[in-house]
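Chains V and A, in that order, are what the protein sequence lines are.
Letter by letter, the first sequence follows residues 1 to 246 in our numbering.
Letter by letter, the second sequence follows residues 1 to 94 in our numbering.
Working notes, beginning with the structure itself.
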Amino acid sequence: MKEYLLQLADNALILGHRLGEWCGHAPEMELDIALTNIALDLTGQARSLYQRVAELDGLGKTEDDYAYLRDAWEFRNTLLVEQPNGDFAHTIVRQFIFDSYHYYMCQALTQSKDEWLAGFAVKSLKEITYHLRFSSEWMMRLGDGTPISHEKTQAAIEDIWTFSGELTTLNEVEKVMASQGIGADLEKIKPAIAGKMAEVLAAANLTAPTGTWMQSGGKDGKHSEHLGFILAEMQFLQRAYPGQEW
Amino acid sequence: MKNTWPLWEVFIRSKSGLSHKHVGSLHAADAEMALENARDLYTRRNEGISIWVVESKHITASDPDDSDPLFDPAKDKIYRHPTFYNVPDEVTHM
Numbered sequence: 001m002k003e004y005l006l007q008l009a010d011n012a013l014i015l016g017h018r019l020g021e022w023c024g025h026a027p028e029m030e031l032d033i034a035l036t037n038i039a040l041d042l043t044g045q046a047r048s049l050y051q052r053v054a055e056l057d058g059l060g061k062t063e064d065d066y067a068y069l070r071d072a073w074e075f076r077n078t079l080l081v082e083q084p085n086g087d088f089a090h091t092i093v094r095q096f097i098f099d100s101y102h103y104y105m106c107q108a109l110t111q112s113k114d115e116w117l118a119g120f121a122v123k124s125l126k127e128i129t130y131h132l133r134f135s136s137e138w139m140m141r142l143g144d145g146t147p148i149s150h151e152k153t154q155a156a157i158e159d160i161w162t163f164s165g166e167l168t169t170l171n172e173v174e175k176v177m178a179s180q181g182i183g184a185d186l187e188k189i190k191p192a193i194a195g196k197m198a199e200v201l202a203a204a205n206l207t208a209p210t211g212t213w214m215q216s217g218g219k220d221g222k223h224s225e226h227l228g229f230i231l232a233e234m235q236f237l238q239r240a241y242p243g244q245e246w
Numbered sequence: 001m002k003n004t005w006p007l008w009e010v011f012i013r014s015k016s017g018l019s020h021k022h023v024g025s026l027h028a029a030d031a032e033m034a035l036e037n038a039r040d041l042y043t044r045r046n047e048g049i050s051i052w053v054v055e056s057k058h059i060t061a062s063d064p065d066d067s068d069p070l071f072d073p074a075k076d077k078i079y080r081h082p083t084f085y086n087v088p089d090e091v092t093h094m
């Protein structure tokens, strides 16, 4: 159970951190706020999940212990969310792929047999519904916009697609959780996710690559080099000044 | 100077029964984006339950130089305010 919650939490925390990197750098002031709003939603979700894990652990840990004091191999996020922001198109494509998964996954979790997790999912689904709307709209705007925006977005899809498969491929933890009716059965929701992505890509005049070899490993702690750099920045303060508060 | 998105005015209804109130402006390429940007910029702290966006160019404003002929004549007509009536005690909710 704790492993499963950490997977969910780490996805939210790392993607939230990546979106936070846009703060002060987004193409428009309005987008600066939009992206960091989503970042805050995700960070909030991560906090709830870490707090729950701490409760289940019963070792007197806090949410900070999980965010700041674990090393890269202990993180259970998917490879997709740790990928660099790239240009705005890369960020939107990464976000759209994640939101499509996140939405249907979270929807399934609202039916979880675990009461806490179901409650958490109901609350989060409202936020995620907006995230998916935001990233879908931007996929269409960029894909069906100018020749340059189309080209950049299509290129971003080609770059990132290899990380899309891991989201919907069950690892051992997820299989166990799904079989107990606690976790989301990704096999079941796969068609809905693929359908949503196909619908938006078609409307955006974009094409998904076929036959892409899918990367995996993040869910089991095998990460790309990017995660180390994220953690170096995120964890610096707690590592340098343990127990520091503000 | 790069091409910028058009300006939009944002109106928020804070709760049912109240009217939409102008809260500010923003840039957006289209109406849908304006609505999303308004949501992100102006309802982050629980400010509203409904949003209107209007492209600024569609708003016609009075000219400040016209304020004398437009507004001054109303200043000395206090009899237009309903303050000279005695409201009977039986009338409630006034």
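All C-beta atoms in this analysis are idealised placements derived from N, C-alpha and C, irrespective of residue type, glycine included.
Quick caveat, the model's predicted, so the values are computed rather than measured.
Got a sec: is the Cβ-Cβ distance from residue i to anything in chain V below 7 angstroms?
i	result
ASN37 (chain A)	yes
LEU18 (chain A)	no
LEU26 (chain A)	yes
LEU7 (chain A)	no
ASP40 (chain A)	yes
MET1 (chain A)	Note that MET1 (chain A) scores a pLDDT of 43, beneath 50, so its modelled location is shaky and nothing firm can be said.
Could one say the Cβ of residue i lies closer than 7 angstroms to chain A's Cβ atoms, at least one of them?
i	result
ASN37 (chain V)	yes
ILE148 (chain V)	no
GLU30 (chain V)	yes
ILE230 (chain V)	no
ILE189 (chain V)	no
ALA34 (chain V)	yes
Straight-line CA distance for residue i to residue j?
i	j	result
ALA28 (chain A)	LEU35 (chain A)	9 angstroms
ALA67 (chain V)	MET105 (chain V)	22 angstroms
LYS75 (chain A)	ARG44 (chain A)	40 angstroms
LYS196 (chain V)	SER100 (chain V)	7 angstroms
SER47 (chain A)	MET214 (chain V)	The sequence shown places Glu at residue 47 (chain A), rather than the Ser named in the question. Their backbone Cα atoms lie some 44 angstroms apart in a straight line.
GLY211 (chain V)	ILE49 (chain A)	45 angstroms
ALA72 (chain V)	HIS20 (chain A)	49 angstroms
SER14 (chain A)	PHE71 (chain A)	29 angstroms
ILE128 (chain V)	ASP89 (chain A)	55 angstroms
SER216 (chain V)	THR60 (chain A)	57 angstroms
GLY183 (chain V)	VAL23 (chain A)	43 angstroms
THR78 (chain V)	THR168 (chain V)	10 angstroms
Do residue j and residue i count as a contact pair if the criterion is CB distance below 7 angstroms?
i	j	result
LEU109 (chain V)	ALA121 (chain V)	yes
Taking the continuous beta strand (DSSP E) assigned at residue i, which residues delimit it?
i	result
PHE11 (chain A)	7-13
GLY24 (chain V)	No beta strand (DSSP E) holds GLY24 (chain V); DSSP gives it neither H nor E.
LYS110 (chain A)	Outside the shown range of chain A, which is 1 to 94, sits residue 110 (chain A), and nothing can be said about it.
ILE51 (chain A)	50-55
Return the first residue and the last residue of the alpha helix (DSSP H) that residue i is part of.
i	result
VAL87 (chain A)	Unbroken run through VAL87 (chain A): none, as it is neither H nor E.
ALA123 (chain V)	Reading off the sequence, residue 123 (chain V) comes out as Lys, not Ala. LYS123 (chain V) -> alpha helix (DSSP H) spans 115-143.
GLY195 (chain V)	186-203
LEU8 (chain V)	2-20
*Residues in the region 127-139 of chain V having any Cβ partner in chain A nearer than 7 angstroms*: If the cut-off is 7 angstroms between Cβ atoms, the region 127-139 of chain V has PHE134, GLU137 near chain A.
*If you measure beta-carbon to beta-carbon, which residues of the region 43-60 of chain A are closer than 8 angstroms to chain V?*
Against chain V - using a Cβ distance shorter than 8 angstroms - the residues of the region 43-60 of chain A are ARG44.
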